[in-house]
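Per this note's numbering, the very first residue in the sequence shown carries number 14; after that it's consecutive.
Beta carbons are placed, not taken as given, at the ideal position from N, Cα and C, and that holds for glycine.
Here the structure is a predicted model, which is why all the values come from computation and not from measurement.
Data block below; observations after.
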Amino acid sequence: IPIFSYDKIISNSYSLGLSQTTRFGLQARLSYNLLYTSYLNPVLPSGPIPSFAFHETRPSIELTQSLWSNGFGRSTRATQAYVEALALASSYASRHQARSFVAEAETTYWRLTIARQAIKITEDSLARAEKIHAWTLRRARLSLGDEGDALQAQAAIDLRRLELQAARDEARAAARAFNSARGVDGDTVSEELSQPGSDEVAALAPPTRAELRDDVKA
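The following block contains the structure:
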């Protein structure tokens, strides 16, 4: 301003309002604007004067209607349909991801449960194989059986031991996957996991096939 000088001018502008766009392209804005201006250390030709400030308030109403590019709201309706389609696709994708997480969690749970059950079954098979081997050895010593039967029984023991080791390795891997799914480092699971009974398994119904999966809809 030519009539006086100053060290600094501070200007802040605030605006609060509402905006609405109709489906036929009319955009309406109702706003309230506040302008704050402050002059620091102003100096007139006659000498310095105290710092001062002033406020300016201005309500405004704006109505805008496009007659060419967005005539009758074509672009507005297309944008609305686009945004709604994006939201719907995101909803389907999120629901598919949630179901995938649940299915993966269930698979991890039952993998560990079955692995533990497999260890018990294999241990029982090994114990029976050892009993059969001891029985065939006694028969061979008493000349009541063939020595080849004892060798076959020993081979069965070795096979059951390999199966038991494989079952323990699978249980360890399943336990690590189980702990990893719940954010725990290690391959030891101290909790007891429930096992389905034969009646529950027999009562299970096959899953129904949906026309379109959520990821396909997305």
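Judged by beta-carbon spacing, R185 lies beyond the 8 Å limit of I132, meaning their Cβ atoms are not closer than that value. Nearest to N83 by C-alpha distance, out of L125, A223, H109, T34, is T34.
Using a Cβ distance threshold of 8 Å, S73 and S44 count as a contacting pair. When secondary structure is reduced to three states using DSSP, Q165 falls in the helix class. For S24, the secondary structure class from DSSP, reduced to helix, strand or coil, is strand.
Burial check for L125: the Cβ neighbour count within 10 Å reaches 16 or more, so the residue is buried. The beta carbons of S64 and S79 sit about 46 Å from each other, so the pair does not count as a contact at 8 Å.
Taken in chain order, the complete alpha helix (DSSP H) segments of 4 or more residues contained in the region 148-208 are 160-194. By the CB criterion at 8 Å, Y105 and K230 fall inside the cutoff. Looking at L48, S193, G161, the one whose alpha-carbon comes closest to that of Y122 is S193. Contact between the region 142-150 and the region 169-180 is present, with at least three C-beta pairs closer than 8 Å.
Boundaries of the alpha helix (DSSP H) harbouring S211: 211-216, taken from the DSSP string.
Non-local C-beta neighbours of A187 in its own chain, meaning closer than 7 Å and more than five positions away in sequence, comprise R124, L125, A128, ordered along the chain. Annotated as distal: H109 and D198, with beta-carbon spacing of 8 Å or more. Residue pairing for I74: DSSP places it in a beta bridge opposite L43. The C-beta separation of L57 from F17 comes to about 5 Å, placing the pair in contact by the 8 Å criterion. At a Cβ-Cβ threshold of 8 Å, L29 and L76 do not count as neighbours. In the structure shown, the three-state DSSP call for E119 is helix.
Residue burial annotation: H68 is exposed, with fewer than 16 other C-beta atoms found within 10 angstroms of its C-beta.
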